[in-house]
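Per this note's numbering, residue 4 is the first one in the sequence shown, and the count goes up by one each step.
Here a beta-carbon is modelled for each residue, glycine too, at the ideal position from N, C-alpha and C.
These numbers come from a predicted model, not from an experiment.
Structure, as structure tokens:
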Amino acid sequence: MVNVTDLGRGDIVVMDGDPWQVTEVSSQTPSARGASLLVKAKLRNLRSGHGVQKTWRGGEMVETAEVAKRAVQFLYRQGDDFVLMDLESYEQLSLDAELVGDAAGYLLENQELHTVLFQERVIALELPITVVLTVSDTAPALKGATAQAQLKPATLETGIEILVPPYVEAGERVRVDTRDGRFVERAR
């Protein structure tokens with residue numbers, strides 16, 4: 004059990020028997036006299052992917068999930084399945100596209116990442132904070148478009164689309180934040 008005031012982004016709690024990951028957390032003190040601290044959190048169900056917003060009073064306790072993490076390597080995609088190899092036992096496991104979710108856009112063959120296990124079942128993938136991907140297609144840079152920080156769409160080698168600065172061209176490698184899909188920098 005943990006106090007709700009100690010919750011942080013990425014923490015995993017158990018509600019109604021399901022694991023929920025905290026995606027955002029904030030606290031506020033109502034202005035009325037005698038009012039207690041309120042903790043608001045956005046949570047994502049790691050089994051179903053559904054999101055919910057929850058408000059607790061300061062001092063309430065929530066159950067933390069007993070999760071384990073295993074180092075794995077992404078091998079290949081076969082139809083709607085993603086095949087990974089456990090780096091400890093060298094066993095292969097297959098995850099369906101629904102479980103992988105948005106992480107699919109950041110997966111490259113032979114990339115190392117972690118699986119999150121709850122009650123000995125894989126419930127999520129934990130990607131590195133940033134990944135390096137190649138820009139496969141983007142509009143050419145416009146000359147003189149440096150007066151304002153404008154962004155242009157770019158398609159990456161995995162098929163996802165992000166916004167990049169105008170100086171980025173097709174074929175370049177860029178570092179992307181996997182948490183929000185934002186361009187970080189050119190990769191060297």
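- Look at LEU102 here: in three-state DSSP terms it is helix.
- Using a Cβ distance threshold of 7 angstroms, GLN76 and LEU96 do not count as a contacting pair.
- DSSP, read as helix, strand or coil, puts TYR170 in coil.
- Listed in chain order, the non-local C-beta contacts of HIS117 below 8 angstroms within the same chain comprise LYS72, ARG73, ALA74, VAL75, LEU128 and GLU129, local neighbours out to five positions each way being set aside.
- Separation of the CB atoms of GLY54 and LYS43 is rounded to 13 angstroms, and the pair is thereby denied contact status at 8 angstroms.
- Going by C-alpha positions, PRO22 is about 41 angstroms away from GLU172.
- Non-local C-beta neighbours of MET64 in its own chain, meaning closer than 8 angstroms and more than five positions away in sequence, comprise MET4, VAL5, ASN6 and VAL7, ordered along the chain.
- Put simply, the backbone Cα of THR181 is about 17 angstroms away from that of LEU49.
- Within the same chain, LEU96, LEU98, LEU102, THR118 and VAL119 come within 8 angstroms of VAL125 by CB-CB distance, once the 5 residues on both sides are set aside.
- In the three-state scheme derived from DSSP, where H, G and I count as helix and E and B as strand, ASP83 is classed as coil.
- Contact annotation, TYR79 with GLU112: C-beta distance approximately 6 angstroms; criterion of less than 8 angstroms satisfied.
- For ILE15, the uninterrupted beta strand (DSSP E) segment begins and ends at 15 to 18.
- As DSSP reads the structure, THR141 sits in a beta bridge with ALA157.
- Per the coordinates, the alpha-carbon of ARG47 lies some 17 angstroms from the alpha-carbon of ALA100.
- Counting along the chain, SER29 sits inside the beta strand (DSSP E) bounded by residues 21 to 31.
- Put simply, the backbone Cα of VAL25 is about 34 angstroms away from that of PRO169.
- A straight-line Cα-Cα distance of about 21 angstroms links ALA144 and GLY184.
- Excluding sequence positions up to five before and after ARG60, its CB lies within less than 6 angstroms of the CB of SER39, all in the same chain and listed in chain order.
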